[in-house]
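Input: a single structure, listed below in structure tokens.
Residue numbers (the working numbering): 37 to 954.
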């Protein structure tokens, strides 16, 4: 065995095709099954074609051995078997040869996969020579295979045969390397929209690094734009260069593609996306800040993360709205991961999550006795790594190091010790000299902020672990980088086969690792409205401290109140979200208690809403709620008025110490023309906050037209392309005016239907609104509608202050658990969040109640009518007179016009856009 050795395993991926398609490209990627060994393809058939990732690796190994082959430098390739779909590579030789060979092999590696695009009968009938020619060009350019078939093909099953399609008559299959596949799929979908559906196509050039910031959490902004504009949106891949893709565009040349039947709809989507780009792009907006931060990882861990954690990296980008740039697989002299974002806080959180990702991988280091050699040792090590996907082994004259996922490192250590004892790799007699000893060491990473938590007061936890192991291993803390430190547990043992201590090495190391893991922090974060923090914490922390002592956990409440020294960079673009502000933290051994702690906090929030916490805990805080009727048109206008930034909601909550149940997106309206939200807080603060919010709304004008059943519904309909092209979209783009309507208004007092239809125009600009009024008047006359009345509409969106009913706080939500531990298991039970129609639960719990409680139904005199119409504000009793009606107009309450209830949705749901992103 030579002095230097690297062994690693790569995942084998393949596609099998037993069926001929109606059309097939010919890029040369399909191979005959006769070229494969019987151990991989048991029954080769001339009709079976294979596509996999082995051929480039074989060629690279052949070239490396041909150029550097001698007594020292050589590469061994262990091909996958039917029972073990892993490719194992052993590189033996000088340090220079090993580094060059490893880089070349990783650059060659890729995975293959297949994508499917459903085609209807009408789509298939539209296929012509131009479409076929363009498909062939895409296949050649992207180095993929494209096939059109009327069969369902299982490309992963060697025994499966093609069967008729069930979800669609035809399908377009794209097969090839995953990185090329993403580019080809986008181009094929755009081609289908353009040539088969007759859609118009437009593209917007956006740097790839801006996409997470534009799209928001889980790209919710793009989904919202697609629904509002009735378009398809296609986005580039966030990580196109992980496997050295040569067909993907560079960062600056990436595009967002928009397709739709109508040009005005494309213009509307373009306008919204361009406004979002102008908000975050520092090249066109001097107020837009861009922050960069980087973290350096070991090369082995970076390669493993690139190979097997791409989904985790993408999830971090979608969760925090930041862009993560990692080196391509096999890139030399680059171990840095760069994070870019528009918020300092989100960039820091992303860096922390990447550091947590690195903590999932352990390192096993073994120092051999001097003159330790064996001819068969390399084959033994290859056998160990051959069955472990994430392990990379490095060997030299001083010993060896194995880096891999923690579960695989544990199992490998066990097999390694057993193999050592059963082999002739040891001296016959035990020797106590340091030069003849094995030293086993397991290293794990943890964030620097957890160091004191893990060690305990005066290193009490570490001392306790050592006492349990009779002080046999050594446990040391070593600095790793500016974000993480290393926990190293090591033990030395003589090499003789007669030494009984060798047999217990694994048990000691395994127990030390397990005991350390039990002390690692388990964390859960979620959001609780800040208005309830003081009541939940209690006088002097009495309430929360009792929970902490009961469950042996640590609970931290944080505040997001405005800091005058903070830069205005933490925007909430287009779709509303809330940041986590409560942290539950405990050792992993107590992690099951997090479930019960979260449940108790939920119950405290419910008691705050129902004002029962004050009586039971001796506190004087009384929480009131004010209803606020937010029209859908006002919602759209408010977002545009605030520059697409919804941070103003948090500012209102901070200024008035309230909680605003603000809708996350238009989906929160659930097809209705308004959203009845709740504003909660102490004393008169909810009403003051509602007054401030009402002053931010646009002015509204009302048209009344004669009641014509059927004609009005068919004309004023979001699916009516004529009114969208002539009125809705031009008003929105050119005049910044929103249009809404009510087909079946109801009198708020008599509950009787009114003999007319209503049309509403909302705008912040009176001059532009007058222009829209004139244009709408002409349109109505052209459509043969008789206008009964048109005038400015004054209304009070505020409902009187009310008391909230009890609300069980056990509804689901996403709660990230950081550090190298897992979230407590979620219970499958669901609990109904019971409240007033407009009082949505202010928290979403990722857990369920340990004991289910009976659910009661509550009603309110201020809830919506059975037909979904908001009611007019009832006459207030004398004691409520100071809470006068508030509008954004002059205070002339007596002259205010009565508003009929809005029984029908102002804007019906638009069709669901189909794209490869949503």
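We treat Cβ as the ideally placed atom computed from N, Cα and C, and that holds for glycine. The structure displayed is predicted, hence computed values, not measured ones.
- For residue 295, the enclosing beta strand (DSSP E) covers residues 291-296.
- In this structure, residue 155 sits near residue 208, with a CB-CB distance shorter than 8 Å.
- Counting along the chain, no beta strand (DSSP E) covers residue 722; the unbroken alpha helix (DSSP H) around it starts and ends at 721-731.
- Assignment of residue 622 by DSSP, reduced to helix, strand and coil, places it in the strand class.
- Contact annotation: residue 773 and residue 726 have beta-carbon atoms that are not nearer than 8 Å.
- Under the DSSP definition of a beta bridge, residue 238 partners with 294.
- Here the alpha carbon of residue 445 sits roughly 7 Å from the alpha carbon of residue 439.
- Approximately 13 Å separates the beta-carbon atoms of residue 373 and residue 346; this is outside 8 Å, ruling out the contact.
- At a cut-off of 3 residues, the continuous stretches assigned as beta strand (DSSP E) that sit fully inside the region 753-828 are 774-778 and 792-799.
- Using a Cβ-Cβ distance cut-off of 8 Å, the region 680-699 and the region 604-613 are in contact, since at least three pairs of beta carbons, one from each stretch, lie closer than that value.
- In the DSSP assignment, residue 332 falls within the unbroken beta strand (DSSP E) covering 327-332.
- Residue pairing by DSSP places residue 590 opposite 621 in a beta bridge.
- In its chain, beyond the 5 residues on either side, 710 have a beta carbon closer than 6 Å to the beta carbon of residue 667.
- Assignment of residue 98 by DSSP, reduced to helix, strand and coil, places it in the helix class.
- In this structure, DSSP gives residue 524 an extended state, which the three-state scheme calls strand.
- In this structure, the alpha-carbon of residue 784 lies about 10 Å from that of residue 790.
- With 16 or more other CB atoms across the displayed protein chains lying within 10 angstroms of its CB, residue 377 is buried.
- Residue 559 sits in a strand when the DSSP states are folded into three classes.
- In this structure, DSSP gives residue 140 a helical state, which the three-state scheme calls helix.
- Boundaries of the alpha helix (DSSP H) harbouring residue 220: 214-227, taken from the DSSP string.
- According to DSSP, residue 742 shares a beta bridge with 792.
- The count of Cβ pairs closer than 8 Å, one atom from the region 806-820 and one from the region 669-677, stays below three, leaving the stretches out of contact.
- Burial of residue 670 is indicated by the presence of at least 16 other C-beta atoms within 10 angstroms of its C-beta.
- With a beta-carbon spacing of about 21 Å, residue 352 and residue 312 fall beyond the 8 Å limit used to define contacts.
- In the displayed model, residue 368 falls within coil according to three-state DSSP, outside both helix and strand.
- Beta-carbon to beta-carbon, residue 125 and residue 247 are separated by about 35 Å, too far to satisfy the 8 Å threshold.
- Per DSSP, the continuous beta strand (DSSP E) segment holding residue 154 begins and ends at 148-155.
- A contact is defined here as three or more CB-CB pairs under 8 Å, and the region 215-230 fails this definition with respect to the region 257-267.
- Rounded to whole angstroms, the gap between the alpha carbons of residue 716 and residue 696 is 7 Å.
- DSSP links residue 481 through a beta bridge to 522.
- Residue 711 has 666 as its beta-bridge partners, per DSSP.
- The three-state reading of DSSP puts residue 353 in helix, counting H, G and I together.
- It is roughly 22 Å from the alpha-carbon of residue 56 to the alpha-carbon of residue 177.
- Approximately 5 Å separates the beta-carbon atoms of residue 800 and residue 734; this is inside 8 Å, confirming the contact.
- In the DSSP assignment, residue 251 falls within the unbroken alpha helix (DSSP H) covering 247-251.
- Between the alpha carbons of residue 228 and residue 291 lies a gap of roughly 18 Å.
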